[in-house]
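Have a look at the structure below, then the notes.
Residue numbers (UniProt numbering), protein chains in the order written: chain R, 1 to 244; chain H, 1 to 244.
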């Protein structure tokens with residue numbers, strides 16, 4: 001595997017996603033009154049339109065680290081908008097180097113910049129790098145391993161920030177009402193896929209006014225259930241994700 | 001990522017496995033009579049001892065292909081016994097090359113040899129190689145994609161045989177009785193793991209007199225649930241794998 005291959009597969013996976021109707025048995029009231037109400041962000045025909053996206057390995061950078069890696073005055077250049085408004089895959093990539101000089105040659109930077117730099121890997125990536133990355137929710141990086149980031153102009157030693165991002169679902173407050181959940185709750189996601197169906201537990205609700213309903217899983221999770229071939233995706237509040 | 005890294009991680013993963021008690025509520029009779037009965041293969045203390053193993057990418061070869069790749073008269077040299085009696089990881093590895101000259105530099109050969117050569121990849125590997133490998137049970141390779149295998153002496157063009165091995169469970173007839181299943185049935189496997197529990201559906205029963213109870217999942221599946229950190233594994237006949 002060379003770096004150009006890694007890069008291509010990362011880009012492919014960053015933009016993969018499954019956009020399907022939820023399998024919930026709840027249905028929106030099909031009244032004229034409901035039809036007059038504007039759809040919340042991400043809703044279609046009066047109900048949430050569940051999207052499941054695979055987040056390939058990527059990193060978030062501070063403004064300072066962008067300049068260190070890409071040169072004085074450098075800023076992230078948006079290349080492709082993500083589904084969540086305001087977020088994008090940048091043109092820039094970095095090399096991530098592990099403790100035994102193993103490396104991932106081309107890891108996409110996502111924007112906008114953040115107060116702390118963070119590298120998000122699937123466990124398969126983590127094993128390749130020789131970094132024991134813990135499952136964490138984004139931003140919870142205290143005590144996590146570090147790595148070296150290398151850009152075309154400079155490098156950065158991160159003392160911490162390498163995580164395996166925990167599966168989660170972005171949603172707005174209308175979505176929360178629909179599913180009867182709140183920020184911080186856990187949900188279940190069942191993916192029905194030929195010969196490799198999977199139910200994922202521990203899907204954290206991350207509620208935000210501006211969010212659109214979207215589950216984020218990593219490449220290991222997406223590949224374990226062959227998401228691209230999935231015939232149904234069902235998000236449930238609690239109880240059993242195996243049964244419809 | 002270079003080939004020596006791939007090789008090391010493959011070997012690490014070939015020998016990883018989780019050996020735990022089943023979480024079934026059934027318990028063996030703790031009588032003196034039961035204690036006198038010899039345990040079936042793989043049983044401990046009068047009941048099955050569930051093992052869940054991660055199969056890293058690997059290949060099976062015919063005798064003819066072993067000679068083509070490694071030289072006239074060459075045979076597979078066992079390096080490490082697998083859990084199932086009579087099977088082993090060989091010293092030999094091959095390079096697997098995809099249609100656009102992407103490659104996996106070092107893929108372990110498992111022995112003994114077979115009537116047909118076959119390459120078993122996780123979907124992550126398959127994407128890296130640029131091969132659209134379908135989920136298949138071992139041996140069912142009709143119509144699957146091929147690849148080029150390269151060894152130190154020669155190379156082989158496989159017209160078919162690249163698959164993603166479907167998750168399955170090896171068991172003997174005593175295990176079948178215990179779980180009340182038969183060859184060809186489907187089971188469910190729940191892995192409880194911190195922040196990333198998963199229930200796998202579609203676990204095929206492969207019953208054989210000589211087998212020991214062992215679930216085989218691939219690296220994507222094993223990493224999706226962080227098997228090494230799992231606190232409980234439960235195999236169930238049917239119904240809901242999410243609830244104990």
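Ideal Cβ positions, reconstructed from N, Cα and C, are used throughout, including at glycine. None of the values given here were measured: they were computed from a predicted structure.
So, is residue i buried or exposed, given that buried needs 16 or more other C-beta atoms within 10 angstroms?
{"i": "residue 108(H)", "result": "buried"}
{"i": "residue 98(R)", "result": "buried"}
{"i": "residue 136(R)", "result": "buried"}
{"i": "residue 231(H)", "result": "exposed"}
{"i": "residue 143(R)", "result": "exposed"}
{"i": "residue 223(R)", "result": "buried"}
{"i": "residue 70(H)", "result": "buried"}
{"i": "residue 133(R)", "result": "buried"}
{"i": "residue 42(R)", "result": "buried"}
{"i": "residue 73(R)", "result": "exposed"}
{"i": "residue 140(H)", "result": "exposed"}
{"i": "residue 151(H)", "result": "buried"}
{"i": "residue 165(R)", "result": "buried"}
{"i": "residue 210(R)", "result": "exposed"}
{"i": "residue 111(R)", "result": "buried"}
{"i": "residue 85(R)", "result": "exposed"}
{"i": "residue 248(R)", "result": "Nothing about residue 248(R) can be read from this structure; chain R reaches only from 1 to 244."}
{"i": "residue 220(H)", "result": "buried"}
Return no unless some Cβ of chain R is closer than 8 Å to the Cβ of residue i.
{"i": "residue 68(H)", "result": "no"}
{"i": "residue 196(H)", "result": "yes"}
{"i": "residue 169(H)", "result": "no"}
{"i": "residue 23(H)", "result": "At residue 23(H), the pLDDT of 38 sits below 50, so the modelled position is not reliable; the number obtained from the coordinates is stated separately. So no, residue 23(H) is outside the interface."}
{"i": "residue 265(H)", "result": "Past the boundaries of the shown model lies residue 265(H); chain H is included only from 1 to 244, so the question cannot be answered."}
{"i": "residue 282(H)", "result": "In the structure displayed, chain H extends from 1 to 244; residue 282(H) sits before or after that span and is not available."}
{"i": "residue 232(H)", "result": "no"}
So residue i contacts chain H; which residues on that side make the cut at Cβ distance below 7 Å?
{"i": "residue 183(R)", "result": "In chain order: nothing, as chain H lies at least about 17 Å away."}
{"i": "residue 123(R)", "result": "223, 226"}
{"i": "residue 135(R)", "result": "194, 195, 196, 226"}
{"i": "residue 219(R)", "result": "124"}
Name the chain H residues that come within less than 9 Å of residue i, Cβ to Cβ?
{"i": "residue 144(R)", "result": "Correct list: empty, because the minimum Cβ distance to chain H is about 13 Å."}
Express the C-alpha separation of residue j and residue i in angstroms, rounding to a whole number.
{"i": "residue 200(H)", "j": "residue 229(H)", "result": "17 Å"}
{"i": "residue 30(H)", "j": "residue 174(H)", "result": "For residue 30(H), the predicted model reports a pLDDT of 40, less than 50, meaning its position is unreliable and no value from the coordinates is stated."}
{"i": "residue 65(H)", "j": "residue 189(R)", "result": "44 Å"}
{"i": "residue 168(H)", "j": "residue 187(H)", "result": "9 Å"}
{"i": "residue 207(R)", "j": "residue 212(H)", "result": "47 Å"}
{"i": "residue 154(R)", "j": "residue 76(R)", "result": "15 Å"}
{"i": "residue 104(R)", "j": "residue 55(H)", "result": "23 Å"}
{"i": "residue 131(H)", "j": "residue 159(R)", "result": "38 Å"}
{"i": "residue 38(R)", "j": "residue 203(H)", "result": "44 Å"}
{"i": "residue 161(H)", "j": "residue 116(R)", "result": "46 Å"}
{"i": "residue 182(R)", "j": "residue 100(H)", "result": "47 Å"}
{"i": "residue 44(H)", "j": "residue 87(R)", "result": "53 Å"}
{"i": "residue 95(H)", "j": "residue 106(H)", "result": "5 Å"}
{"i": "residue 123(R)", "j": "residue 218(R)", "result": "9 Å"}
{"i": "residue 194(H)", "j": "residue 157(H)", "result": "43 Å"}
{"i": "residue 127(H)", "j": "residue 145(H)", "result": "13 Å"}
{"i": "residue 237(H)", "j": "residue 227(H)", "result": "21 Å"}
{"i": "residue 46(H)", "j": "residue 179(H)", "result": "14 Å"}
{"i": "residue 60(H)", "j": "residue 52(R)", "result": "35 Å"}
{"i": "residue 114(H)", "j": "residue 147(R)", "result": "43 Å"}
{"i": "residue 177(H)", "j": "residue 196(H)", "result": "31 Å"}
{"i": "residue 50(H)", "j": "residue 234(H)", "result": "8 Å"}
{"i": "residue 215(H)", "j": "residue 170(R)", "result": "34 Å"}
{"i": "residue 78(R)", "j": "residue 129(R)", "result": "27 Å"}
{"i": "residue 120(R)", "j": "residue 118(H)", "result": "34 Å"}
If you measure from the CB of residue i, is any heavy atom of the ligand SAH nearer than 7 Å?
{"i": "residue 70(R)", "result": "The ligand content of the structure shown is nil, which means the ligand SAH is not present either."}
Within 8 Å (strictly less), CB to CB, does residue i reach chain H?
{"i": "residue 207(R)", "result": "no"}
For a contact defined as C-beta to C-beta under 8 Å, what are the partners of residue i on chain H?
{"i": "residue 166(R)", "result": "195, 196"}
What residues from chain R crowd round residue i, counting only those whose CB sits closer than 8 Å?
{"i": "residue 202(H)", "result": "195, 196, 197"}
From the beta carbon of residue i, is the nearest beta carbon of chain A less than 8 Å away?
{"i": "residue 217(R)", "result": "You won't find chain A in this structure, because its protein chains are R and H."}
Residue ranges of each beta strand (DSSP E) within the stretch 135-178 of chain H, 3 or longer: 147-150, 155-158, 162-165, 168-171
Any chance you could list the alpha helix (DSSP H) runs of at least 4 consecutive residues sitting entirely within the stretch 105-138 of chain R, in chain order? 123-129
Continuous alpha helix (DSSP H) assignments of at least 4 residues falling wholly in the stretch 188-225 of chain H: 219-224
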